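The block underneath contains the structure these notes are about, expressed in structure tokens.
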Amino acid sequence: MMGFDLIFGPSVERGPKNRRIYLTFDDGPNERATPAILETLAGSRVPAAFFMVGDHVQRFPRLARHVVKEGHMVGNHTHNHVKLHFVGRGRIRDQLEMAHRAIECAAGRTPRAFRAPHGYRSPFLRSAAQDLGYTVFGWTFGVFDTARPGVEEIRRRVRKRLRPGAIVLLHDGDGYDPEGDRMQTADALPGIIEDARSAGYEFAPLSELLDNRS
Ligand SMILES: [Zn+2]
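Numbering of the sequence shown is given in the numbering used here, commencing with residue 60 and proceeding in unit increments.
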């Protein structure tokens, strides 16, 4: 399902309203949370998408490569987690291109998706994203896991808000602090997966919602 805005352009905020749901992780990679999350995903055979901060990718290139090796989708989340609504055309292009190159170089995979930090889009984003061949993603719901409300609370919030086609926003890193602690999210993940499956949902790869899948 596309959100569309004449100024900001289209963004994908939800999938078709069936039992398929999509896990996404922003602001990584992170030395502790990303490997823990990858292990849970592998053990449960769940696909996910990781929208990475280019600067963190340069710091932890091995982790970015690990995400790709595990078969997950990688997306661009700017180079320095910049709020795009205050930023001019040239800086936006730089932020997207720097992260694009960092991800390509570290992970060996060309990202095809972009998500704006805090969801703040800008009129200049559209053409920069188009030029890089990106599908712009939003999300159906987040659970404020960055405020670290507790493992059980994160799990409970996801369970309450799940709905058909949902793109779930979680965080495996801190957009500004490469050492930020996201272990509550990592620790909540096994319960989130268990709850969703027992409610009849099926985890699907976000790549199936790309504009042009070829
Ligand atoms: Zn972010």
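Don't be surprised by glycine CBs; every beta carbon is placed ideally from N, CA and C.
None of these values were measured; they are calculated from a predicted model.
When 234, 255 and 70 are compared, the shortest CA-CA separation from residue 103 is found for 255.
Look at residue 145 here: in three-state DSSP terms it is helix. Contact between the region 232 to 243 and the region 113 to 128 is present: three or more C-beta pairs spanning the two stretches fall below 8 Å.
Sorted by position in the chain, 85, 86, 176 and 234 make up the residues whose C-beta lies under 5 Å from a heavy atom of ligand 1. Ranked by Cα distance from residue 69, the options 215, 262, 189 and 211 are led by 189. Judged by DSSP secondary structure, residue 231 falls outside any alpha helix (DSSP H); it is assigned neither H nor E. Sequence-distant Cβ neighbours of residue 142 in its own chain, meaning closer than 7 Å and more than five residues away, are 176, 177 and 179. With a threshold of 16 other beta carbon atoms within 10 Å, residue 267 falls short and is exposed.
Within its own chain, the residues whose Cβ lies closer than 7 Å to the Cβ of residue 75, once the five positions on either side in sequence are excluded, are 224, listed in chain order.
Residue pairing by DSSP leaves residue 186 without any beta bridge partner. Collapsing the DSSP output to three states places residue 257 in a helix. Counting only residues of its own chain and dropping the five nearest sequence neighbours on each side, residue 85 has a CB closer than 7 Å to the CB of 110, 136, 174, 228 and 230. Take the alpha-carbon of residue 78 and the one of residue 133: they are about 23 Å apart. Residue 203 and residue 82 have their C-alpha atoms some 15 Å from each other.
Considering only 250, 148 and 107, the residue with the shortest C-alpha distance to residue 216 is 250.
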